[in-house]
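Q: Going down the list, the protein sequences come from chains A and B.
Residue numbering for the first sequence follows the working numbering, beginning at 1 and increasing consecutively.
Residue numbering for the second sequence follows the working numbering, beginning at 1 and increasing consecutively.
There are 2 protein chains.
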Amino acid sequence: MTAFQTDTKIAADSAPPTDAKTRVSQFMQQLQDSICQSLEKLDGVGKFQEDSWKRPEGGGGRSRVLREGAVFEQGGVNFSEVWGEHLPPSILTQRPEAAGHGFYATGTSMVLHPRNPYVPTVHLNYRYFEAGPVWWFGGGLDLTPYYPFGEDAAHLHRTLKAAGDRHHADYYPTFKRWCDEYFYLKHRQEMRGVGGIFFDYQDGRGALYKGPDPSGPAAVYSDRAGIPETRGWEELFAFVQDCGNAFLPAYAPIVERRKDMEYGDRERNFQLYRRGRYVEFNLVYDRGTIFGLQTNGRTESILMSLPPLVRWEYGYHPEPNTPEAELYEVFLKPQDWAEWTPQG
Amino acid sequence: MTAFQTDTKIAADSAPPTDAKTRVSQFMQQLQDSICQSLEKLDGVGKFQEDSWKRPEGGGGRSRVLREGAVFEQGGVNFSEVWGEHLPPSILTQRPEAAGHGFYATGTSMVLHPRNPYVPTVHLNYRYFEAGPVWWFGGGLDLTPYYPFGEDAAHLHRTLKAAGDRHHADYYPTFKRWCDEYFYLKHRQEMRGVGGIFFDYQDGRGALYKGPDPSGPAAVYSDRAGIPETRGWEELFAFVQDCGNAFLPAYAPIVERRKDMEYGDRERNFQLYRRGRYVEFNLVYDRGTIFGLQTNGRTESILMSLPPLVRWEYGYHPEPNTPEAELYEVFLKPQDWAEWTPQG
Chain A
1 MTAFQTDTKI AADSAPPTDA KTRVSQFMQQ LQDSICQSLE KLDGVGKFQE
51 DSWKRPEGGG GRSRVLREGA VFEQGGVNFS EVWGEHLPPS ILTQRPEAAG
101 HGFYATGTSM VLHPRNPYVP TVHLNYRYFE AGPVWWFGGG LDLTPYYPFG
151 EDAAHLHRTL KAAGDRHHAD YYPTFKRWCD EYFYLKHRQE MRGVGGIFFD
201 YQDGRGALYK GPDPSGPAAV YSDRAGIPET RGWEELFAFV QDCGNAFLPA
251 YAPIVERRKD MEYGDRERNF QLYRRGRYVE FNLVYDRGTI FGLQTNGRTE
301 SILMSLPPLV RWEYGYHPEP NTPEAELYEV FLKPQDWAEW TPQG
Chain B
1 MTAFQTDTKI AADSAPPTDA KTRVSQFMQQ LQDSICQSLE KLDGVGKFQE
51 DSWKRPEGGG GRSRVLREGA VFEQGGVNFS EVWGEHLPPS ILTQRPEAAG
101 HGFYATGTSM VLHPRNPYVP TVHLNYRYFE AGPVWWFGGG LDLTPYYPFG
151 EDAAHLHRTL KAAGDRHHAD YYPTFKRWCD EYFYLKHRQE MRGVGGIFFD
201 YQDGRGALYK GPDPSGPAAV YSDRAGIPET RGWEELFAFV QDCGNAFLPA
251 YAPIVERRKD MEYGDRERNF QLYRRGRYVE FNLVYDRGTI FGLQTNGRTE
301 SILMSLPPLV RWEYGYHPEP NTPEAELYEV FLKPQDWAEW TPQG
């Protein structure tokens, strides 16, 4: 791992090595492989089916889906590597230096929809872009429980914090806050779940911490963490690799604890209802979904994140003093989960 | 009804009368009332429940929902009348004259999700805007079948054509084409259904026919119909009233013909799957939804259009030579439904 630079110029090692695309792409494929193997073992029954596909404008991918497993009602894990003549406007607004240049993008993404409402949904996405003079890493991991447990949220956050802390003490707190802000449904005034980490446009020029949405509850976070202004490509790639490899230790213990809990129609109906929020987030706000649809991506792969069965119900409110109400009141608000301790 | 003007200036009667807002708002409320009464009669069991609401920034509405009816699994009919300091950017791009002015908007919208997969889903929305120097009407009606019948599509289109023809021979063909282009899921390369009519920004300055999406199947329609350049406010309001009143004669006979047809799991599963397209359209493309969410509208009322139960399935394709395949091959492509004749 490259040591942090302390001057304010771009570090000498901040440019990508000549084999950057190959190395990142290979890592993203290995990440997909290892995730799929682990999930099949965790499920015990379901197997992933793969579709390889090519994108007419350049590149392609491998979409893998597991359906009707014992633990997972549906799980999708996508690897893609695409290139083209220009990035879509939503990205050029953020990275105007990329205008007029071709682009390269590779990444792995995953969404799991468990059957048991006590097992939380989880989402992972890590990605790498090059476009003319600029490059960056982005991604994250976040947890969406239906019937939540403090110890599960704490375990996930502590695992991500440990991965971040191996690189810089400010990574976890900064990217945890960014996650709280990003996975926020403004029209519902709700977070999507208990968060995790999220970052984008990490290019060695500082954390590019995007200011909070002033109308959101996460607006309590208004400071910019002190990420050093220069970080090399190697350091960032090492960090992303550590984040990717943290998925299984972060999530598998939660599944093991919850997958055999008993549930009935009430819990199932609430799970299906809450899955609607996942659909709303992915179709209205999610950058990966919008990027995919804007760049003429493979629709079936992009929308593989949508749940297999979903319910909407007009005017639903949880009854006070129920587990459903606790989800809204405690778990869908920003909390310092890494600092969580069991209540007396 | 005001006669058409033939000169190219804005007609003398093109400005709204002083009681324009009151008259349109009253019509929109009466339309909601008459639709709800008719639908309760058609359903036989379900009753609408009403929520009245106020919008903090100005205005409010009446949301009515019918659930678990005999015919309708869910039906939502909204009336709203809102005002505020400025229109959202998506509208100001189309009507820059409105920048810096307050706005007024009123309208009625409806989406019905029938239980029987042989009964098509239907959507109606009519709306009126004033903002500084500009005003306009918009809206339409469109049909989304699951197991389709040519005679149903033809009946709906002929009823809408008759309503349009009472005002101008170019209205139906122009707004039918616009509907085919608007209710198009680009990422699926599919129409949402068999269309109907759609128009927007009708302000007496011509039809403002928006060019077709060059990548869509509706790109066959590239001519601009010859709507006269000057039409008065009264004429447009009369046209919108006729459109609103055409809903029941357009839709009720279809329901009567289909509501008692037998179906099983296959048809139900396909219906739930196709409902996913409705969700995708409303969250990714629909102007009414986006306007509502952007103007801090009442989320529950805006998203009342989403179906009560929905399925997504990765990689689904209909088997050749099935009714499901016929939907894709014939009914989700632009057709001259008003000219349809039964096949030998």
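Yeah, the Cβ is synthetic: ideal placement off N, Cα and C, and Gly gets one too.
Does any residue of chain A bring its CB to less than 8 Å from the CB of A219 (chain B)?
A: Because the pLDDT at A219 (chain B) is just 37, under 50, the model does not fix this residue reliably, and the point stays unresolved.
Q: Taking P89 (chain A) as the reference, give the member of A:L306, A:Q294, A:P308 and A:A154 with the closest Cα.
A: It is A:Q294 whose Cα lies nearest to the Cα of P89 (chain A).
Q: Is the CB of D51 (chain A) under 8 Å away from at least one CB in chain B?
A: Closer than 8 Å to some Cβ of chain B, the Cβ of D51 (chain A) qualifies, so yes.
Q: If the criterion is Cβ atoms closer than 8 Å, does the pair P253 (chain A) and H155 (chain A) meet it?
A: Against a cut-off of 8 Å, the Cβ pair of H155 (chain A) and P253 (chain A) comes out as a contact.
Q: On the three-pair Cβ rule with 8 Å, is the segment 167-183 of chain B touching the segment 277-287 of chain A?
A: The segment 167-183 of chain B is not in contact with the segment 277-287 of chain A.
Q: Please determine, among B:Q26, B:F137 and B:G102, the residue with the shortest C-alpha to C-alpha distance to F239 (chain B).
A: Closest option to F239 (chain B), Cα to Cα, is B:F137.
Q: My assumption, with CB atoms under 8 Å, is that T121 (chain A) sits in contact with K21 (chain A). Please give the rounded CB distance.
A: Between K21 (chain A) and T121 (chain A) the Cβ distance is about 31 Å, and since that is not below 8 Å, they are no contact.
Q: Along the segment 167-193 of chain A, where does the CB come closer than 7 Å to a CB of chain B? Name the residues.
A: Per Cβ criterion, the list reads H187 and R188.
Q: Taking the alpha-carbon positions, what's the L248 (chain B) to R67 (chain B) distance?
A: Going by the C-alpha atoms only, they are around 19 Å apart.
Q: Which residues, in chain order, does the segment 294-321 of chain B contribute to contact with chain A at a C-beta distance below 8 Å?
A: Flagged, chain order: T299, E300, I302, L303, M304, L306, P307, P308, L309, V310, R311, W312, E313, Y314 and G315.
Q: Suppose you measure from the CA of F291 (chain A) to the CA of Q32 (chain B); what does that come to, to the nearest Å?
A: Taking the straight line from one Cα to the other gives about 39 Å.
Q: To be precise: take each residue of the segment 69-82 of chain B, compare its Cβ to all Cβ atoms of chain A, and keep it if any distance is under 9 Å. Which residues remain?
A: The segment 69-82 of chain B vs chain A, Cβ under 9 Å: Q74 and G76.
Q: Quick check: what's the CA-CA separation for K41 (chain B) versus M261 (chain B)?
A: Cα-Cα distance, rounded: 19 Å.
Q: When DSSP labels each residue in this structure, what does R127 (chain A) get in the three-state scheme?
A: Of the three classes helix, strand and coil, the one that applies to R127 (chain A) here is strand, per DSSP.
Q: Is there a C-beta anywhere in chain B that falls below 8 Å from the one on E280 (chain A)?
A: Interface residue, yes.
Q: Whole angstroms are fine: how far does the CA of F129 (chain A) sit from the CA of R23 (chain A)?
A: Distance between the alpha carbons of R23 (chain A) and F129 (chain A): 13 Å.
Q: For G244 (chain A), write down the residues that DSSP places opposite it in a beta bridge.
A: In DSSP, G244 (chain A) forms no bridge with anything.
Q: Quick check for students: name the residue ranges of the alpha helix (DSSP H) that lie wholly in the segment 228-309 of chain B, counting only runs of 4 or more.
A: Taking only runs of at least 4 residues, the alpha helix (DSSP H) segments lying wholly in the segment 228-309 of chain B are 233-245, 247-258, 265-284, 287-294 and 299-302.
Q: With DSSP run on the structure shown, which of helix, strand or coil describes L66 (chain A)?
A: Strand.
Q: Just the Cα atoms here: how many angstroms apart are K333 (chain A) and R192 (chain A)?
A: The straight-line gap from Cα to Cα measures roughly 9 Å.
Q: Is K176 (chain A) helix, strand or coil when you go by DSSP?
A: Looking at K176 (chain A) - three-state DSSP - the assignment turns out to be helix.
Q: V284 (chain A) versus chain D: which residues are under 7 Å apart at the beta carbon?
A: Within the model displayed, chain D is absent; protein chains A and B are what it includes.
Q: A246 (chain B) to E97 (chain A), Cα distance in whole Å?
A: Looking at the two C-alpha atoms, the distance is approximately 53 Å.
Q: Whose CA, out of B:L87, B:S109 and B:V111, lies closest to the CA of G100 (chain B)?
A: For G100 (chain B), the nearest C-alpha among the options comes from B:L87.
Q: Would you say G216 (chain B) reaches chain A, if we count a Cβ-Cβ gap shorter than 8 Å as a contact?
A: Its pLDDT being 43, under 50, G216 (chain B) is placed unreliably in this model, and the value from its coordinates should be taken loosely. No, because no Cβ of chain A sits closer than 8 Å to the Cβ of G216 (chain B).
Q: Under 8 Å between beta-carbons, which chain B residues line up against F65 (chain A)? List them in chain order, please.
A: Just to set this straight, residue 65 (chain A) is Val in the shown sequence, not Phe. In chain order: Y314 and G315.
Q: Is V152 (chain A) helix, strand or coil when you go by DSSP?
A: Checking the displayed sequence, the identity of residue 152 (chain A) turns out to be Asp instead of Val. Looking at D152 (chain A) - three-state DSSP - the assignment turns out to be helix.
Q: Decide if K161 (chain A) is buried, meaning its Cβ has at least 16 other Cβ atoms within 10 Å, or exposed.
A: It counts as buried.
Q: A15 (chain A): which of A:G196, A:W135 and A:G61 sits nearest, CA to CA?
A: Per the Cα distances, A:W135.
Q: Please identify the residue among B:K47, B:L309, B:Y104 and B:R274 whose C-alpha is closest to the C-alpha of Y146 (chain B).
A: Cα-wise, what sits closest to Y146 (chain B) is B:R274.
Q: Whole angstroms is fine: what's the gap from V82 (chain B)'s alpha carbon to V77 (chain A)'s?
A: Distance between the alpha carbons of V82 (chain B) and V77 (chain A): 44 Å.
Q: Would you mind working out which of B:E85, B:Q74 and B:R95 sits nearest G102 (chain B), comparing C-alpha positions?
A: Answer by Cα proximity: B:E85.
Q: Determine the extent of the beta strand (DSSP E) in which E73 (chain A) is found, giving its start and end residues.
A: Counting along the chain, the beta strand (DSSP E) containing E73 (chain A) begins and ends at F72 to G84.
Q: Helix or strand or just coil, what does DSSP make of L143 (chain A)?
A: Strand at L143 (chain A).
Q: Would you call the CB atoms of R298 (chain B) and D242 (chain B) closer than 8 Å?
A: Not a contact, by the Cβ cut-off of 8 Å.
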